[in-house]
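Participant: Numbering (the working numbering), first residue to last: 170 to 782.
1) Taking the alpha-carbon positions, what's the residue 350 to residue 239 distance?
2) Within the continuous beta strand (DSSP E) that includes residue 619, where are the two ends?
3) Would the beta-carbon of residue 595 fall within 8 angstroms of that of residue 486?
4) Measure from the alpha carbon of residue 412 to the alpha carbon of each residue in 266, 452 and 643, then state which is nearest.
5) Only counting runs of 4 or more residues, tell me where the alpha helix (DSSP H) segments fall wholly within the segment 592 to 657, in order along the chain.
6) Below 8 angstroms on the Cβ atoms is my contact criterion, and I expect residue 519 with residue 618 to pass it. Report the Cβ-Cβ distance as a whole number of Å.
7) CA-CA distance, residue 638 and residue 429?
8) For residue 326 and residue 275, what's the separation of their Cα atoms in angstroms?
9) Buried or exposed, going by whether 16 or more other CB atoms sit within 10 Å of the CB of residue 648?
10) Go through the segment 475 to 529 residue by residue and report every complete run of the alpha helix (DSSP H) that reaches 4 residues or more, in order.
11) What is the residue span of the alpha helix (DSSP H) that residue 368 lies within?
12) Would you give the residue range spanned by the alpha helix (DSSP H) that residue 684 belongs to?
13) Is it true that the segment 494 to 501 meets the segment 453 to 462, where meeting means three or more beta-carbon pairs spaced less than 8 angstroms apart?
14) What are the boundary residues of the beta strand (DSSP E) that includes residue 348?
15) Under 7 angstroms from any heavy atom of the ligand ZN, does the C-beta of residue 465 make it?
16) Could you give the residue range of the beta strand (DSSP E) that holds residue 276?
17) Please give me, in chain order, every unbroken run of the alpha helix (DSSP H) with length at least 4 that falls completely inside the segment 211 to 239.
18) Between 246, 354, 328 and 677, which has its C-alpha nearest residue 218's C-alpha?
19) Looking at C-alpha atoms only, which residue of 380, 251 and 624 is the closest neighbour of residue 352?
20) DSSP state of residue 332, grouped into three classes?
21) DSSP three-state call for residue 473: helix, strand or coil?
22) Classify residue 537 as helix, strand or coil using the three-state DSSP reduction.
23) Please go through the same chain and pick out, in chain order, the residues whose beta-carbon is closer than 6 angstroms to the beta-carbon of residue 710, but skip the five residues on each side of it.
24) Among the candidates 433, 229 and 591, whose CA atom is the shortest distance from the CA of residue 606?
25) At what residues does the beta strand (DSSP E) containing residue 424 begin and finish?
26) Going by DSSP, what residue range makes up the beta strand (DSSP E) through residue 588?
27) Out of 457, 261 and 290, which has the shortest C-alpha to C-alpha gap to residue 369?
28) For residue 447, which of 404, 514 and 395 has the nearest alpha-carbon?
29) Distance check for residue 371 and residue 362, CA to CA, integer angstroms please.
30) State the beta-bridge partners of residue 252 as determined by DSSP.
31) Using 8 angstroms as the Cβ pair cut-off and three pairs as the minimum, do the segment 672 to 683 and the segment 628 to 638 touch?
32) Measure the C-alpha to C-alpha separation of residue 432 and residue 417 and round it to an integer number of angstroms.
33) Within 10 angstroms of its Cβ, does residue 405 collect 16 or more other Cβ (buried), or is it exposed?
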């Protein structure tokens with residue numbers, strides 16, 4: 170019932186005094202009918218919204234603190250009152266309330282007591298029987314207990330009483346609630362120490378009661394507390410979060426559910442092509458067919474099919490150069506390439522683009538399309554120079570031929586990619602080695618159809634030439650005389666890891682150039698006198714330690730060969746991309762075609778000065 174305060178006129182007051190303070194004030198004859206009006210006494214009440222089910226009234230009263238009465242609850246100026254969820258434990262932190270203004274009316278509804286007499290429902294016959302019914306809500310006659318206390322009434326029984334006594338129950342206004350204590354905060358974590366800690370138990374028994382004589386008996390036990398159950402007192406507060414956090418829980422708008430109950434991302438990028446490992450089966454077609462109603466799709470796919478008829482395997486950079494101005498940019502190539510070709514993510518043809526249904530692992534004739542990957546650093550990394558718009562416009566307007574960037578001639582290279590195919594290497598020395606190389610009887614998972622020694626020499630020479638071009642060092646075929654003497658066959662893997670030595674010329678790099686190449690300052694540790702990497706053999710790779718090789722003893726290459734570790738060559742599975750987007754600060758540990766390579770040469774084999782730079 171909504172609260173109301175009505176002051177009657179003099180006649181109504183006189184009639185009300187005759188009827189009683191809480192008696193219904195009937196309307197005068199001839200006046201307009203209105204809602205019943207009740208006189209509200211001046212009694213002021215307070216309400217407490219306990220966040221629990223009260224089953225023991227005495228325990229609920231003790232939960233408001235160690236006071237004999239509840240006067241602090243009735244005080245309207247008291248902003249908050251404590252509520253101890255476990256009033257029997259002194260270690261329980263209270264939950265504090267919020268004193269909120271309110272204007273509610275407390276009603277007392279009295280219904281007749283049930284006698285137990287029965288009659289047929291809906292009939293007007295006489296009542297039969299006179300049986301006393303024990304009503305839990307009815308207190309003994311000598312008690313002043315009010316009904317409906319401590320949840321003693323059955324709600325169904327109360328409802329039936331009201332239904333059976335329509336117009337025969339009394340309503341009395343007990344008073345007005347002007348403030349309510351509400352508990353909206355979170356209770357702190359509670360750790361009961363009384364049953365787990367000897368110190369806490371003695372503190373409760375001897376200190377908390379406030380008896381001086383018992384306080385004198387309280388003493389600290391000397392010594393060190395030994396485990397396993399160390400007596401550690403918990404902190405007074407476990408959490409400072411007193412209000413619940415609104416997480417705004419909602420369903421993921423990007424996730425949809427299928428009929429069988431599986432979830433999928435409706436907005437995820439649709440996978441069209443395949444990016445397979447070195448030993449995965451050959452895919453026969455794209456995962457999603459192309460939209461042949463789009464003229465641009467039909468045009469680009471036709472150009473790609475013509476390119477694959479000319480040459481079965483490509484790199485993305487070579488294919489982009491082949492198509493020339495027929496494609497707008499790299500993104501368009503990536504979009505349509507997956508409809509006609511797949512790619513390897515590891516092995517001898519890593520990052521190679523292969524048409525669907527073709528497997529280069531089945532025939533040695535495809536060895537000329539094997540790829541060599543090098544982790545190159547930018548020639549001008551870490552420095553920014555101001556350029557006017559005049560110079561920028563002049564550079565953009567210049568005629569730059571980018572159709573041959575996928576070729577390596579030994580004199581220059583382009584940084585728009587880091588993958589070269591064997592057929593795209595035109596350097597005379599490397600070309601001669603590759604053309605005269607023997608074919609392996611079986612394919613190797615790392616060196617493909619080339620022998621491991623030959624494949625290692627080719628990559629070592631090419632990497633040396635790339636660094637020499639970057640730092641303007643001039644090399645001739647004579648400088649690689651010792652390199653060419655190295656064997657071509659794959660080292661026999663018997664027992665521990667095999668070691669294969671490839672001597673290389675000294676480029677005499679300065680510390681500044683080494684720092685530029687590595688992307689960091691040279692290590693203060695003793696410089697490694699060669700380049701060595703163990704071959705990957707899963708069954709033994711973690712169980713063996715590499716033996717020192719002849720390149721580690723007295724090599725004069727010094728820090729010149731250390732830089733080879735930083736440039737890197739990797740045809741294993743990885744996440745690097747051909748366009749060179751990989752981090753330039755990455756430290757490279759290289760694996761050469763399935764067996765370790767060491768670069769270096771003894772001092773008596775050096776040509777030129779034997780001074781370490």
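A virtual CB, placed ideally from N, CA and C, is assigned to each residue, including glycine.
Computed from a predicted model, the values in this text were never measured in an experiment.
Facilitator: For this structure:
1) Each residue's alpha carbon lies about 13 angstroms from the other.
2) For residue 619, the enclosing beta strand (DSSP E) begins and ends at 617 to 619.
3) Contact flag unset, no.
4) If we check each option's Cα against that of residue 412, 266 comes out closest.
5) Correct list: 597 to 604, 621 to 639 and 650 to 654.
6) With 8 angstroms as the limit, residue 519 and residue 618 do not qualify as a contact, their Cβ atoms being about 15 angstroms apart.
7) Straight through space, the alpha carbons of residue 429 and residue 638 are spaced by roughly 60 angstroms.
8) Spanning the two alpha carbons is a distance of roughly 21 angstroms.
9) With 16 or more Cβ atoms within 10 Å of its Cβ, residue 648 is classed as buried.
10) List check, alpha helix (DSSP H) in window: 485 to 492 and 499 to 506.
11) Taken as a continuous stretch (DSSP letters only), the alpha helix (DSSP H) holding residue 368 covers 367 to 375.
12) Counted as a single uninterrupted DSSP element, the alpha helix (DSSP H) harbouring residue 684 occupies residues 680 to 687.
13) With contact defined as three or more Cβ pairs closer than 8 angstroms, the segment 494 to 501 and the segment 453 to 462 are not in contact.
14) Per DSSP, residue 348 is one residue of the beta strand (DSSP E) stretching across 339 to 351.
15) Summarising the ligand content, the structure contains no ligands, and the ligand ZN is consequently not present.
16) 267 to 279 is the span of the beta strand (DSSP E), which, as asked, contains residue 276.
17) Qualifying alpha helix (DSSP H) stretches, in chain order: 226 to 231.
18) The closest CA to that of residue 218, considering only 246, 354, 328 and 677, is found on 354.
19) Nearest option by C-alpha distance: 251.
20) Residue 332: helix per DSSP, three-state reduction.
21) Under the three-state reduction of DSSP, residue 473 is assigned to helix.
22) For residue 537, the secondary structure class from DSSP, reduced to helix, strand or coil, is helix.
23) Note that residue 710 has pLDDT 39, beneath the 50 cutoff, so the model's placement of it is unreliable and the number below is only indicative. So no residue of the chain qualifies.
24) Distance check between residue 606 and each of 433, 229 and 591 places 591 closest, using alpha-carbon atoms only.
25) Start and end: 424 to 426.
26) Per DSSP, residue 588 belongs to the beta strand (DSSP E) from 588 to 590.
27) It is 261 whose Cα lies nearest to the Cα of residue 369.
28) Minimum Cα-Cα distance from residue 447 among the listed residues 404, 514 and 395 corresponds to 514.
29) Straight-line Cα distance between these residues: approximately 11 angstroms.
30) Answer is 264, bridged to residue 252.
31) As far as the Cβ criterion goes, the segment 672 to 683 touches the segment 628 to 638, which means the pair count is three or higher.
32) Whole-angstrom Cα-Cα distance: 21 angstroms.
33) Burial call: exposed.
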